[in-house]
Amino acid sequence: MPELPEVEVVRAGLEPAVVGSTIAGVEVLDGRALTRHVGSHDDFTARLSGRAVTAAVRRGKFLWLLLESAAIEPAEALIGHLGMSGQLLLRAPGAPRERHERVRLAIDHPAHGELAVVFADQRTFGSLAVDALVPTADGAPGGWGSDAPLVASQAAHIARDPLDPAFDDAAFARGLGRRASAIKRVLLDQTVVSGIGNIYADEALWAARIHPETPASALSTRAVRTLLVEIRAVLQKALAEGGTSFDAQYVNVNGQAGYFAHSLNAYGRHGQPCPRCGGAIRREAFMNRSSHYCPRCQRKR
DNA sequence: ACGTTTGCCTGCTAGC
DNA sequence: TGCTAGCAGGCAAACG
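If you count the first sequence from 1, position 153 lands on 153 in full-length UniProt numbering, and the numbers rise without skipping.
Following this line, the structure appears as structure tokens:
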């Protein structure tokens with residue numbers, strides 16, 4: 001389940017291979033991978049063919065490759081979202097098809113030669129699109145990986161993520177204060193703060209000792225500050241460990257799993273002892289998914 | 001056969 | 001009356 005740390009691992013892995021390369025060929029094996037592309041599959045292919053890649057950028061869980069744009073205005077990007085099970089893999093040219101392979105790009109790099117960039121996705125919630133770039137609202141860089149104050153239009157409504165230097169802590173606190181919804185739902189709302197999914201929401205709330213159903217507006221200033229500190233800590237630790245992998249669904253660009261699953265304190269640990277107090281971690285249905293928390297050290301209200 | 005997982009969309013309400 | 005923001009529920013798809 002790729003969230004910010006997993007997507008950043010993918011971006012960082014892609015960056016040295018694709019920046020400076022030219023897209024030499026595009027194969028669309030399954031059109032469902034292009035559901036977010038406005039235009040036909042042929043249009044997608046035509047817009048990418050021959051284009052040079054100048055940067056690999058990420059905001060929250062969105063990833064985009066800036067495309068060189070001598071004559072094209074506004075400038076464009078190849079934007080991707082991995083959804084639940086999407087993978088971007090670097091392979092040798094002519095490498096055998098991946099299981100659930102949807103799109104393959106052939107790239108040519110002046111220093112590294114030819115390479116295949118493969119988009120594979122079991123559940124097809126992920127997608128790729130060629131998208132126009134728009135100026136950022138605050139004039140700051142669009143995301144990690146580029147200084148350009150541009151963001152892919154499909155990611156323009158997505159808030160900055162908590163590891164973004166331009167993330168506005170005060171605006172985050174004001175946003176929580178306006179919302180009566182459960183804090184967990186608000187953390188999962190990518191227009192409030194991006195990059196957090198079910199795993200890191202549960203982990204950050206556990207670390208901050210906040211019950212997932214606490215109304216966001218009921219949190220004290222101090223609790224909000226603690227929560228933000230813990231969100232950043234868990235995201236950074238997961239990033240350092242290469243992300244969280246439970247199965248083959250999340251891997252880096254070389255197909256390798258991450259190690260953060262060993263560091264989880266709450267997520268997926270229902271019935272096991274809370275590492276802090278020894279009480280049993282509880283799992284509850286919430287928003288069509290599961291919340292994992294310690295009822296003893298994350299008291300409601 | 002059903003539960004699991006994700007972001008996003010839709011339709012509703014409240015308030016200015 | 002019309003707009004916006006907040007809100008909650010439900011959807012898509014594949015796999016075990």
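No residue lacks a Cβ here, since even glycine has one placed at the ideal position from N, Cα and C. Since this is a predicted model, take the numbers as computed values, not measurements.
Of the residues Tyr267, Gly39, Gln256 and Glu68, the one placed nearest Leu90, counting alpha carbons only: Walking along the first sequence from the start, residue 90 turns up at place 90. The residue with the shortest Cα to Cα distance from Leu90 is Gln256.
Please look up how many angstroms separate the CB atoms of Phe119 and Leu133, rounded, as I've assumed it's under 8 Å. Here residue 119 is taken as the residue at index 119 of the first sequence, counted from 1. Here residue 133 is taken as the residue at index 133 of the first sequence, counted from 1. Rounded, the Cβ-Cβ distance is 20 Å, inconsistent with contact.
Where in the segment 210–285 do unbroken runs of the alpha helix (DSSP H), each at least 4 residues long, occur, reported from the N-terminal end onward? 221–240
Please report the straight-line C-alpha distance between His211 and Asp147, rounded to a whole angstrom. Locating residue 211 in the first sequence gives position 211, where the first residue counts as 1. Locating residue 147 in the first sequence gives position 147, where the first residue counts as 1. C-alpha of His211 to C-alpha of Asp147: approximately 38 Å in a straight line.
Please return the same chain residues whose Cβ sits closer than 6 Å to the Cβ of Gly83, not counting the five positions on each side in sequence. Translated into positions along the first sequence, residue 83 becomes position 83. Hits under 6 Å: Phe125 and Gly126.
I need the boundaries of the alpha helix (DSSP H) containing Ala24, first residue and last residue. As a working mapping, residue 24 is identified with position 24 in the first sequence. Where Ala24 is concerned, there is no enclosing alpha helix (DSSP H), although the beta strand (DSSP E) it sits in stretches over Thr22 to Val28.
Range covered by the alpha helix (DSSP H) that runs through Val57: Taking the first residue of the first sequence as 1, we reach residue 57 at position 57. Run containing Val57: none in the alpha helix (DSSP H); it sits in the beta strand (DSSP E), Val53 to Arg59.
Please go through the same chain and pick out, in chain order, the residues whose beta-carbon is closer than 6 Å to the beta-carbon of Glu6, but skip the five residues on each side of it. On the first sequence, residue 6 is found 6 positions in, with the first residue counted as 1. Excluding sequence neighbours, Glu6 sits near Gly243 and Tyr250.
Taking the alpha helix (DSSP H) that Ile107 belongs to, which residues open and close that run? Counting from one through the first sequence, the residue named residue 107 turns up at place 107. Counting along the chain, no alpha helix (DSSP H) covers Ile107; the unbroken beta strand (DSSP E) around it starts and ends at Glu101 to His109.
Just reading off the beta strand (DSSP E) that Ala152 is part of, what are its end residues? The sequence position of residue 152 within the first sequence is 152, counting from 1. Leu150 to Ala152 is the span of the beta strand (DSSP E), which, as asked, contains Ala152.
Alpha carbons only, please: which of Val130, Asp30, His100 and Ser194 is nearest the one belonging to Glu68? For the purposes of this step, residue 68 is taken as the residue at position 68 of the first sequence. Closest option to Glu68, Cα to Cα, is Val130.
For Glu98, which residues from the same chain have a beta carbon less than 6 Å from its beta carbon, with the 5 sequence-adjacent residues on both sides left out? Within the first sequence, residue 98 is the residue found at index 98, counting from 1. Only Val118 and Ala120 meet the Cβ criterion.
Close Cβ partners of Val26 (< 8 Å) along its chain, the five nearest in sequence each way excluded: Within the first sequence, residue 26 is the residue found at index 26, counting from 1. For Val26, where only same-chain residues beyond five positions count, the Cβ hits under 8 Å are Phe44, Thr45, Leu48, Ser49, Val103, Arg104, Leu105 and Ala106.
Would you check if there are 3 or more beta carbon pairs closer than 8 Å linking the segment 221–229 to the segment 199–209? yes
Which partner residues does residue 302 have in the DSSP bridge list? Residue 302 lies beyond the range of the chain shown here (1 to 301); nothing can be said about it.
Under 7 Å Cβ to Cβ from Ala140, same chain only, skipping five residues before and after it: list those, please. In the first sequence, counting from the first residue as 1, residue 140 sits at position 140. Within the same chain, Ala140 has close Cβ partners Pro149 and Ala166.
Report yes if the CB atom of Ile196 is closer than 8 Å to the CB atom of Leu219, and no otherwise. As a position in the first sequence, residue 196 is number 196, starting the count at 1. As a position in the first sequence, residue 219 is number 219, starting the count at 1. No.
Please determine, among Leu239, Pro135, Cys277 and Gly20, the residue with the shortest C-alpha to C-alpha distance to Thr54. Here residue 54 is taken as the residue at index 54 of the first sequence, counted from 1. Checking every option, the nearest Cα to that of Thr54 belongs to Gly20.
Reduced DSSP secondary structure (H/G/I, E/B, other) of Pro16: Your numbering for residue 16 matches position 16 in the first sequence. Looking at Pro16 - three-state DSSP - the assignment turns out to be helix.
Only counting the same chain, and skipping five residues up and downstream in sequence, which positions put a Cβ closer than 7 Å to that of Val234? Reading the first sequence from its first residue, position 234 is the one you call residue 234. So the qualifying residues of the chain are Tyr200, Glu203, Ala204 and Ala207.
Rounded distance between the beta-carbons of Asn265 and Gly13, thought under 8 Å: As a working note, residue 13 is residue 13 in the first sequence. As a working note, residue 265 is residue 265 in the first sequence. Going by Cβ atoms, the distance from Gly13 to Asn265 rounds to 27 Å, so no, they are not a contact pair.
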